[in-house]
Amino acid sequence: MTNYLIDYTLHLADNALILGQRNAEWCGHGPVLEQDIAITNISLDLVGQARNFYQYAAELIHQSVDKSTHPATEDSLAYLRTEREFKNCLLVEQPNTDWAQTILRQFFFSNYQFLLYQELQKNNDTQLAAIAEKSLKEVTYHLRWSSEWVIRLGDGTAESHQRMLQAIDELWRYTGEIFTAADYEEEAGVDPSLFQPQWLNKVKEVFDEATLPVPEKTFMQSGGKTGTHTEHLGFILTELQYIQRAYPDSQW
Amino acid sequence: MNFIRKFYYGDIPEDKAGGNIVSSSSKTDWPLWEVFIRSKQGLDHKHAGSLHAADAQMAIENARDVYTRRMEGVSIWVVESKYIHASSPDEAASLYEPANDKVYRHPTFYDLPDEVNHM
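Sequences listed follow chains A and B, in order. FYI, the numbering for the first sequence is 1 to 252, going by my numbering. FYI, the numbering for the second sequence is 253 to 371, going by my numbering.
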């Protein structure tokens, strides 16, 4: 009965967790100290959002299944599910190549999350609506920060422009999936295709200022939302889940 | 052909990460900014520290991320350090010491008539 809601909540959580983990890889490696702190702040914001969604998903699972099974917790959902069970979109699991690509991935995703959370605030499910409302302020800043970096790099030096072009070339193919609703999204009453035009307008606005071209229509990769991921997710989960797998239920 | 290089946690090589090499050149490219934070409405902005940024917008965002993570502020001012002019420590004697023996500049020097309330 509530299965679609569990899946949808996990999808929201997985998106935030995986991008948070990707951004965390920059910790100690940022191009300058100030940006190192900025990207890890964003990482922590995303992990915080993921926690809220996982806690809610655990509660929903607890309500819907036989009480004798091992109870789901935010930790078990993050650390003990396999690759095929993760429902994040492909964009967020793409490995870091350089700063330009990290910035662009964040811009594409924050632009989407900003529109999504505005919509989700009005959702019938009051818990999801509350998490969306709380997170929207953070996401507003992520969008502002990443937009300015896209402009700064796109309209910067010949090299930074070139790196942005390469990042667009690499990531654009993963932007279509975001707006193609999975079954659980439709059931949850959130159709992302409705705000795709707004997303595209924002991309055009920022790319125009950044002197970057908006790509033509092209083949889009998909599958992440239903568990068919690129090879990269397995590696990131190995890293993320290592301690819990090696030392089950360890505490510190 | 330019294959995508994959990096995993703790594995980003310095040339990609912009480690020592890039940051040393960017430090010379990016000017220094002084940051002033107002901790709450009604109080003054106070000097919080300094940071590097390419422009004022980036300086404000960096200041937000570096100096207000623990709810230290409600307002940020930034100014390029080169625009701050400072008094010289060598002139301290002539600038500040003459004030030492002029107690009548303090309001507490004066006896108030009893009729004056709320001072």
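Built from N, CA and C at the ideal position, the CB exists for glycine as well.
Could you tell me which residues DSSP pairs with histidine 297 of chain B in its beta bridges?
-> Within the second sequence, residue 297 of chain B is the residue found at index 45, counting from 1. Residue pairing of histidine 297 of chain B in beta bridges, as defined by DSSP: B/Arg290.
Measure the alpha-carbon distance for histidine 142 of chain A versus valine 318 of chain B and round it to whole angstroms.
-> The sequence position of residue 142 of chain A within the first sequence is 142, counting from 1. The sequence position of residue 318 of chain B within the second sequence is 66, counting from 1. Taking the straight line joining both Cα atoms gives about 15 Å.
Proximal residues to phenylalanine 195 of chain A (C-beta, below 7 Å), its chain only, five neighbours per side dropped = Residue mapping note: residue 195 of chain A aligns to position 195 of the first sequence, counting from 1. Closer than 7 Å at the Cβ level, and outside the excluded window around phenylalanine 195 of chain A, lie Leu115 and Glu119.
From A/Thr228, A/Val214, A/Gln49 and A/Asn23, residue whose alpha carbon lies closest to that of alanine 129 of chain A = One-based indexing of the first sequence puts residue 129 of chain A at position 129. Comparing alpha-carbon positions, the option among A/Thr228, A/Val214, A/Gln49 and A/Asn23 lying closest to alanine 129 of chain A turns out to be A/Gln49.
For a contact meaning CB atoms closer than 7 Å, what does glutamate 286 of chain B contact in chain E?
-> The chain inventory of the structure shown lacks chain E, comprising the protein chains A and B.
Could you tell me which chain A residues have their CB closer than 7 Å to the CB of arginine 321 of chain B, listed as they occur along the chain?
-> Translated into the one-based positions of the second sequence, residue 321 of chain B becomes position 69. Here the neighbours are Asn41.
Between glutamate 332 of chain B and chain A, is there a C-beta pair that is closer than 8 Å?
-> The sequence position of residue 332 of chain B within the second sequence is 80, counting from 1. Taking a beta-carbon distance threshold of 8 Å, glutamate 332 of chain B does not count as an interface residue toward chain A.
Taking Cβ to Cβ, would you say asparagine 88 of chain A is nearer than 8 Å to aspartate 14 of chain A?
-> Position 88 of the first sequence, counted from the first residue, corresponds to residue 88 of chain A. Position 14 of the first sequence, counted from the first residue, corresponds to residue 14 of chain A. The Cβ atoms of asparagine 88 of chain A and aspartate 14 of chain A lie closer than 8 Å to each other.
Mind checking whether the beta-carbon of tryptophan 99 of chain A lies closer than 7 Å to any heavy atom of the ligand ADP?
-> For the structure depicted, the ligand ADP is absent and the ligand set is empty, with no information on it obtainable.
What in chain A is Cβ-close to valine 368 of chain B, meaning under 7 Å?
-> Along the second sequence, read from residue 1 onward, the residue named residue 368 of chain B stands at position 116. For valine 368 of chain B, no chain A residue has a Cβ inside 7 Å of its Cβ, as the nearest lies near 49 Å away.
Below 8 Å between beta carbons: does that hold for leucine 90 of chain A and alanine 57 of chain A?
-> Position 90 of the first sequence, counted from the first residue, corresponds to residue 90 of chain A. Position 57 of the first sequence, counted from the first residue, corresponds to residue 57 of chain A. Not closer than 8 Å, so no.
Short Cβ contact (8 Å threshold) for lysine 204 of chain A with valine 214 of chain A = Along the first sequence, one-based indexing puts residue 204 of chain A at 204. Along the first sequence, one-based indexing puts residue 214 of chain A at 214. Cβ distance < 8 Å, so lysine 204 of chain A and valine 214 of chain A count as in contact.
If you pair each beta-carbon of the segment 314-332 of chain B with each one of the segment 281-297 of chain B, do three or more pairs fall below 8 Å?
-> Contact between the segment 314-332 of chain B and the segment 281-297 of chain B is established, with three or more Cβ pairs separated by less than 8 Å.
Quick one: what's tryptophan 329 of chain B bridged to in DSSP?
-> Sequence index remark: in the second sequence, residue 329 of chain B carries index 77 (1-based). For tryptophan 329 of chain B, which the question treats as bridged, DSSP gives the partners B/Phe288.
Determine the extent of the alpha helix (DSSP H) in which glutamine 63 of chain A is found, giving its start and end residues.
-> On the first sequence, residue 63 of chain A is found 63 positions in, with the first residue counted as 1. That run of the alpha helix (DSSP H) goes 33-64.
Determine whether the Cβ of valine 206 of chain B lies closer than 8 Å to any Cβ atom of chain A.
-> Residue 206 of chain B cannot be examined here, being either before or after the span of chain B that is shown, 253 to 371.
Does the Cβ of lysine 225 of chain A have 16 or more other Cβ atoms within 10 Å, making it buried, or fewer, making it exposed?
-> By one-based count along the first sequence, residue 225 of chain A stands at place 225. Burial state of lysine 225 of chain A is buried, judged by a 10 Å Cβ sphere holding 16 or more other Cβ atoms.
8 Å CB neighbourhood of glutamine 125 of chain A in its chain, flanking five on each side removed | Translated into positions along the first sequence, residue 125 of chain A becomes position 125. Just to set this straight, residue 125 of chain A is aspartate in the shown sequence, not glutamine. Cβ within range, chain order: Leu5 and Ala188.
Identity of the residue in A/Asp208, A/Asp75, A/Asp183 and A/Gly20 nearest proline 248 of chain A by Cα | Translated into positions along the first sequence, residue 248 of chain A becomes position 248. If we check each option's Cα against that of proline 248 of chain A, A/Asp75 comes out closest.
Compare the C-alpha of glutamine 63 of chain A against each of A/Val47, A/Leu17, A/Glu159 and A/Asn3 and name the closest.
-> For the purposes of this step, residue 63 of chain A is taken as the residue at position 63 of the first sequence. When only C-alpha atoms are compared, the closest one is A/Asn3.
DSSP bridge partner residues for leucine 303 of chain B (one or two, in chain order) = Against the second sequence, residue 303 of chain B aligns to sequence position 51. Under the DSSP definition of a beta bridge, leucine 303 of chain B partners with B/Trp285.
Any C-beta of chain A under 8 Å from that of leucine 347 of chain B | Looking up residue 347 of chain B in the second sequence gives position 95. It does not: the Cβ of leucine 347 of chain B has no partner Cβ on chain A nearer than 8 Å.
Give, in chain order, every unbroken run of the alpha helix (DSSP H) that is at least 4 residues long and sits entirely within the segment 61-149 of chain A.
-> The DSSP assignment places complete alpha helix (DSSP H) segments of no fewer than 4 residues inside the segment 61-149 of chain A at 74-79, 90-93 and 99-120, in order along the chain.
Going along the segment 188-205 of chain A in order, which residues come within less than 7 Å of chain B, judged by CB to CB distance?
-> Of all residues in the segment 188-205 of chain A, none has a Cβ within less than 7 Å of some Cβ in chain B.
Rounded C-alpha distance that separates isoleucine 39 of chain A from proline 95 of chain A = Numbered from its first residue, the first sequence carries residue 39 of chain A at position 39. Numbered from its first residue, the first sequence carries residue 95 of chain A at position 95. Cα-Cα distance, rounded: 15 Å.
Give a yes or no on contact between the segment 305-314 of chain B and the segment 342-362 of chain B, applying the rule of three or more CB pairs nearer than 8 Å.
-> Short answer: they don't touch.
In chain B, which residues lie less than 9 Å from tryptophan 172 of chain A when you measure between Cβ atoms?
-> Start at 1 with the first residue of the first sequence, and residue 172 of chain A comes out as number 172. What tryptophan 172 of chain A touches in chain B: nothing, since even the nearest Cβ is about 14 Å away.
Buried or exposed: where does histidine 370 of chain B fall if 16 or more other Cβ atoms within 10 Å of its Cβ makes it buried?
-> Locating residue 370 of chain B in the second sequence gives position 118, where the first residue counts as 1. Note on histidine 370 of chain B: under 16 other CB atoms within 10 angstroms of its CB, so exposed under the neighbour-count rule.
Using beta-carbon positions only, say whether glycine 20 of chain A and serine 43 of chain A come within less than 8 Å of one another.
-> As a first step, residue 20 of chain A is located in the first sequence; it is residue number 20 there, counting from the start. As a first step, residue 43 of chain A is located in the first sequence; it is residue number 43 there, counting from the start. With respect to the 8 Å criterion, glycine 20 of chain A and serine 43 of chain A are classified as neighbours on the basis of their beta carbons.
Which residues in the same chain as arginine 322 of chain B place their Cβ atom closer than 8 Å to its Cβ, once the five residues preceding and following it in sequence are excluded?
-> Translated into the one-based positions of the second sequence, residue 322 of chain B becomes position 70. Within the same chain, and ignoring the five residues on either side of arginine 322 of chain B in sequence, no residue has its Cβ closer than 8 Å to its Cβ.
Counting only beta-carbon atoms, is glutamate 148 of chain A nearer than 8 Å to chain B?
-> As a first step, residue 148 of chain A is located in the first sequence; it is residue number 148 there, counting from the start. Contact of glutamate 148 of chain A with chain B is assigned, a C-beta pair being separated by under 8 Å.
May I have the straight-line CA-CA distance separating glutamate 85 of chain A from leucine 77 of chain A, to the nearest angstrom?
-> Looking up residue 85 of chain A in the first sequence gives position 85. Looking up residue 77 of chain A in the first sequence gives position 77. Rounded to the nearest angstrom, the two C-alpha atoms are 10 Å apart.
Spatial distance of isoleucine 312 of chain B from leucine 364 of chain B (CA atoms) = Walking along the second sequence from the start, residue 312 of chain B turns up at place 60. Walking along the second sequence from the start, residue 364 of chain B turns up at place 112. A direct Cα-Cα distance of roughly 47 Å separates isoleucine 312 of chain B from leucine 364 of chain B.
Can you find a CB in chain B that lies within less than 8 Å of the CB of glutamate 177 of chain A?
-> Taking the first sequence and counting its residues from 1, the one referred to as residue 177 of chain A is at position 177. Not flagged as an interface residue toward chain B: glutamate 177 of chain A, since no C-beta distance is shorter than 8 Å.
Measure from the alpha carbon of threonine 218 of chain A to the alpha carbon of each residue in A/Ala246, A/Glu34, A/Trp172 and A/Pro31, then state which is nearest.
-> Reading the first sequence from its first residue, position 218 is the one you call residue 218 of chain A. Threonine 218 of chain A has its Cα closest to that of A/Trp172, out of A/Ala246, A/Glu34, A/Trp172 and A/Pro31.
Closest Cβ-Cβ distance between isoleucine 37 of chain A and chain B: below 8 Å?
-> Looking up residue 37 of chain A in the first sequence gives position 37. Chain B contact via Cβ: present.
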